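Peer 1: For the sequence shown, the residue numbers in the working numbering are 1056 to 1326. Every residue gets a Cβ at the ideal spot worked out from N, C-alpha and C, and that includes glycine. For clarity, every value in this text was computed on a predicted model and none was experimentally measured.
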Amino acid sequence: MISYKKIVPPLDDTVSKSYGLFDWQSFFSNVFYSNNQRIKQTGYNNNQVAFLRGYVVSHISQDLGDFAEALRESDNVKLRTKTGSMFAWIFALANELEEDLEDIIYDKYPGFCPYCGHKYHCQCAWWLPSQIKKGKDRIHTKPIEDNESPHTKPNQLSGWITTWELIYGKKYKIAMTVADIMYKLLEEEAEILEELDKAKGGQLNRDEPYYKKLTREVADFVSWYFALLYKLQQDLPPDQLSKILYEKFKDGCPWCKEQICKCYPKWLEES
Ligand SMILES: [Zn+2]
Ligand SMILES: [Zn+2]
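Encoded structure:
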């Protein structure tokens, strides 16, 4: 069980600038969670997996597609609004899983690269097939740099991008294009869906092996989203990410205009 922070609309411009990832997750839970539960119960017969696949991940997919379009068209305004939507649906996913997003990311990426052990300049290259193979071992439990402790968990949203820059920035800069990162995001999304498929009876079970894998895939997805935001920092400066969320969500749900969202999809309404 997570204890969320009491962060509710309307948001304060200055205070929200310093919000961390979990502060934002709490805010999104407060605005959207109850309505999402209603949609799950009434629209998906309370089938959690159907709701996650058909509603939450499906919206992530839609936003990823819109994001790709904004990139291709160099549409900066759309890039900003889609950045906000992507975060919103990632939070909805974490909230439905009842997981603290900071914890699941840090569990998979504990302030250094778990595969090569480096806290600066990950050495897991990208250009040889053997180096991008799946199922690599996470052999390192602490940084390989002498006597150094891992990067700590960032306490501001922008801190995740700057920490990812320290660990992975060189690789992102030299070996990966924005398109490569989009491919990785699609791949991770597919892996999330693959793990969801393993649940029986429509409900996820934390005691089953797939559950841990699912949280790891969510961490991977968000990690590549950080990579994307890092690559796009000319247009989306990390220190403006909280501002971007503030602009879109400061008064609550931008779609139904309520502080606590009451949106109900048209395709679920009785005709
Ligand atoms: Zn590495
Ligand atoms: Zn709404």
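Rounding to the nearest angstrom, what Cα-Cα distance links D1289 and V1233 in this structure?
Peer 2: In the sequence as displayed, the identity of residue 1289 is Gln instead of Asp. One C-alpha to the other measures close to 13 Å.
Peer 1: Taking its Cβ as the centre, do 16 or more other Cβ atoms sit within 10 Å of T1196, making it buried, or is it exposed?
Peer 2: It counts as exposed.
Peer 1: Roughly how many angstroms lie between the CA atoms of A1274 and I1216, to the nearest whole one?
Peer 2: Near 14 Å, if we compare the C-alpha coordinates of I1216 and A1274.
Peer 1: Only counting the same chain, and skipping five residues up and downstream in sequence, which positions put a Cβ closer than 7 Å to that of W1279?
Peer 2: Taken in chain order, the residues that qualify are I1236, K1239, L1240, E1243.
Peer 1: Please classify L1323 as buried or exposed, where buried requires at least 16 other C-beta atoms within 10 Å of its C-beta.
Peer 2: So L1323 counts as exposed.
Peer 1: Measure the alpha-carbon distance for P1209 versus P1198 and round it to whole angstroms.
Peer 2: Near 17 Å, if we compare the C-alpha coordinates of P1198 and P1209.
Peer 1: Let me know if V1070 comes out buried or exposed under the rule of 16 or more other beta-carbons within 10 Å of its beta-carbon.
Peer 2: Answer is exposed; the Cβ neighbour count stays below 16.
Peer 1: Between the region 1297 to 1306 and the region 1133 to 1140, can you find at least three pairs of beta-carbon atoms closer than 8 Å?
Peer 2: The region 1133 to 1140 is in contact with the region 1297 to 1306.
Peer 1: Going by C-alpha distance, which of H1173, Q1080, K1321 is nearest D1201?
Peer 2: Nearest of H1173, Q1080, K1321 to D1201, Cα basis: H1173.
Peer 1: Please confirm whether any heavy atom of ligand 1 lies closer than 8 Å to the CB of Y1227.
Peer 2: Y1227: no, Cβ never under 8 Å from ligand 1.
Peer 1: Rounded to the nearest angstrom, what separates P1169 and W1079 at their Cα positions?
Peer 2: So the two alpha carbons sit approximately 26 Å from each other.
Peer 1: Could you tell me if K1228 is buried or exposed, where buried requires 16 or more neighbouring beta carbons within 10 angstroms of its beta carbon?
Peer 2: The residue in question, K1228, is exposed, as its Cβ has fewer than 16 Cβ neighbours within 10 Å.
Peer 1: Please report the Cβ distance between D1294 and S1204, rounded to the nearest whole angstrom; I am assuming they are in contact, meaning their Cβ atoms lie under 8 Å.
Peer 2: Going by Cβ atoms, the distance from D1294 to S1204 rounds to 25 Å, so no, they are not a contact pair.
Peer 1: Please name the residue, chosen from A1254, G1257, P1165, E1246, that lies closest to T1329 on a Cα-to-Cα basis.
Peer 2: The chain is shown only over 1056 to 1326; residue 1329 falls outside these bounds and no answer can be derived.
Peer 1: Measure the C-alpha to C-alpha separation of E1313 and G1307 and round it to an integer number of angstroms.
Peer 2: Taking the straight line joining both Cα atoms gives about 6 Å.
Peer 1: Could you compute how far the alpha carbon of I1159 sits from the alpha carbon of S1058?
Peer 2: Each residue's alpha carbon lies about 15 Å from the other.
Peer 1: Decide if A1230 is buried, meaning its Cβ has at least 16 other Cβ atoms within 10 Å, or exposed.
Peer 2: Exposed, because fewer than 16 other Cβ atoms sit within 10 Å of the Cβ of A1230.
Peer 1: Would you kindly report the start and end of the unbroken alpha helix (DSSP H) that includes W1219?
Peer 2: Segment 1212 to 1230, the alpha helix (DSSP H) holding W1219.
Peer 1: Ligand 1 and H1114: does any heavy atom of the ligand fall closer than 8 Å to the residue's C-beta?
Peer 2: For ligand 1, not one heavy atom lies less than 8 Å from the Cβ of H1114.
Peer 1: For ligand 1, which residues have a Cβ under 5 Å from at least one heavy atom, in chain order?
Peer 2: Chain-ordered list of matching residues: C1168, Y1170, C1171, C1177, C1179.
Peer 1: Check whether the Cβ of N1090 sits closer than 8 Å to any heavy atom of ligand 2, and report yes or no.
Peer 2: It does: the Cβ of N1090 is within 8 Å (strictly closer) of some heavy atom of ligand 2.
Peer 1: Whole-angstrom Cβ separation of E1151 and L1107, contact assumed at under 8 Å?
Peer 2: With a Cβ gap of about 6 Å, E1151 and L1107 count as contacting.
Peer 1: Taking buried to mean at least 16 other C-beta atoms within 10 Å of its own C-beta, is V1132 buried or exposed?
Peer 2: Its Cβ having fewer than 16 others within 10 Å, V1132 is exposed.
Peer 1: Could you work out which residue in C1318, T1270, S1326, L1251 is closest to D1162 when comparing CA atoms only?
Peer 2: Of the listed residues, the one whose Cα sits closest to D1162 is T1270.
Peer 1: Whose CA, out of T1207, T1097, W1144, lies closest to the CA of D1118?
Peer 2: Answer by Cα proximity: W1144.
Peer 1: Tell me which residues pass a beta-carbon proximity test against ligand 3: closer than 6 Å to any heavy atom, given in chain order.
Peer 2: As for ligand 3, it is missing from this structure, which binds only ligand 1 and ligand 2.
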